Amino acid sequence: NAGVTQTPKFQVLKTGQSMTLQCAQDMNHEYMSWYRQDPGMGLRLIHYSVGAGITDQGEVPNGYNVSRSTTEDFPLRLLSAAPSQTSVYFCATRTSRHEQFFGPGTRLTVL
Amino acid sequence: AQSVTQLGSHVSVSEGALVLLRCNYSSSVPPYLFWYVQYPNQGLQLLLKYTSAATLVKGINGFEAEFKKSETSFHLTKPSAHMSDAAEYFCAVIGTRGGNKLTFGTGTQLKVEL
Chain A
201 NAGVTQTPKF QVLKTGQSMT LQCAQDMNHE YMSWYRQDPG MGLRLIHYSV
251 GAGITDQGEV PNGYNVSRST TEDFPLRLLS AAPSQTSVYF CATRTSRHEQ
301 FFGPGTRLTV L
Chain B
642 AQSVTQLGSH VSVSEGALVL LRCNYSSSVP PYLFWYVQYP NQGLQLLLKY
692 TSAATLVKGI NGFEAEFKKS ETSFHLTKPS AHMSDAAEYF CAVIGTRGGN
742 KLTFGTGTQL KVEL
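For the protein sequence lines, the chains are A and B, in the order given.
Take the first sequence: its position 76, counting from 1, is numbered 276 in my numbering, and each next residue is one higher.
Take the second sequence: its position 35, counting from 1, is numbered 676 in my numbering, and each next residue is one higher.
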């Protein structure tokens with residue numbers, strides 16, 4: 201089993217560009233989420249989904265969109281990239297007992 | 642509402658010494674508590690969790706944590722540090738009454754010196 205996979209591993213964007221960070225899982229977990237990690241700030245929840253067709257905002261949703269058409273995939277879209285979105289992005293799934301499994305991360309730089 | 646506070650953003654110990662990483666939580670309902678470890682350039686990995694069973698929880702790699710309700714603490718310990726323990730450690734909390742948001746602390750970077 202691959203677990204949680206994320207693509208790309210690294211990305212450089214110019215301000216104003218859009219892109220989609222991909223996340224896929226093969227563990228059949230209903231709950232998926234996106235976090236960003238910035239130095240000294242821990243992980244902050246961007247968006248989450250409790251199942252296909254259901255998404256909700258986390259604590260830092262502005263500038264990001266998500267959709268969940270299948271159990272396996274949970275892409276994160278940056279609509280118009282800004283330097284403040286330079287960060288490391290982690291996708292995670294969660295079991296019914298709240299154990300989270302993280303992907304390897306995407307390191308994004310916005311110039 | 643829930644939150645965790647990790648005291649000390651950087652902790653340095655000698656190899657073979659006791660590791661103690663501090664975490665205090667705040668939760669309006671009985672919490673589930675977790676410790677995660679992040680090695681350089683990797684995602685987070687679950688070390689251990691407290692879910693209202695035994696208050697002393699044993700995890701992977703020789704780590705353990707004790708839930709102390711009176712002190713609202715969930716400190717992580719390991720009797721003898723190894724070089725391979727050098728990593729960043731995150732404490733996290735979620736409320737037990739159907740909450741969907743796992744809240745993380747800001748992390749503690751553990752350095753192990755010879």
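Every residue gets a Cβ at the ideal spot worked out from N, C-alpha and C, and that includes glycine.
As the structure is a prediction and not an experimental result, all values here were calculated from the model.
- According to the DSSP secondary-structure assignment, Q206 of chain A is paired through a beta bridge with A:C223.
- Taking a cut-off of 8 Å on C-beta distances, the segment 665-674 of chain B touches the segment 704-721 of chain B, as three or more cross pairs fall below it.
- By the Cβ criterion, the segment 237-252 of chain A is not in contact with the segment 214-229 of chain A, since fewer than three pairs of Cβ atoms, one from each stretch, lie closer than 8 Å.
- Residues of the segment 293-311 of chain A with a Cβ closer than 9 Å to any Cβ of chain B, in chain order: R294, R297, H298, E299, Q300, F301, F302, G303, P304, G305, R307.
- Here N262 of chain A carries a coil assignment [DSSP, helix/strand/coil].
- Positions of the alpha helix (DSSP H) runs, each at least 4 residues long and wholly inside the segment 713-747 of chain B, cannot be given because no such run exists.
- Going by C-alpha positions, S693 of chain B is about 8 Å away from P671 of chain B.
- Non-local beta-carbon contacts of T255 of chain A in its own chain, meaning distances under 8 Å to residues more than five positions away in sequence, involve H247, Y248, S249, V266, S267, R268 in chain order.
- In the assembly as shown, F290 of chain A is a buried residue. Its beta-carbon has 16 or more other beta-carbons within 10 Å.
- When DSSP states are grouped into helix, strand and coil, P672 of chain B belongs to the strand group.
- S233 of chain A sits in a strand when the DSSP states are folded into three classes.
- In the DSSP assignment, K690 of chain B is bridged to B:F675.
- The beta carbon of V260 of chain A sits no closer than 9 Å to any beta carbon of chain B.
- Under the DSSP assignment, I254 of chain A falls in the beta strand (DSSP E) whose first and last residues are 254-257.
- In the same chain as T270 of chain A, and ignoring 5 residues on each side of it, the C-beta atoms closer than 7 Å to its own belong to A252, in chain order.
- For T747 of chain B, the chain A residues whose Cβ falls inside 8 Å of its Cβ are G240, M241, G242, in order along the chain.
- Using a 10 angstroms sphere on the CB of S725 of chain B, the tally of other CB atoms stays under 16, which defines it as exposed.
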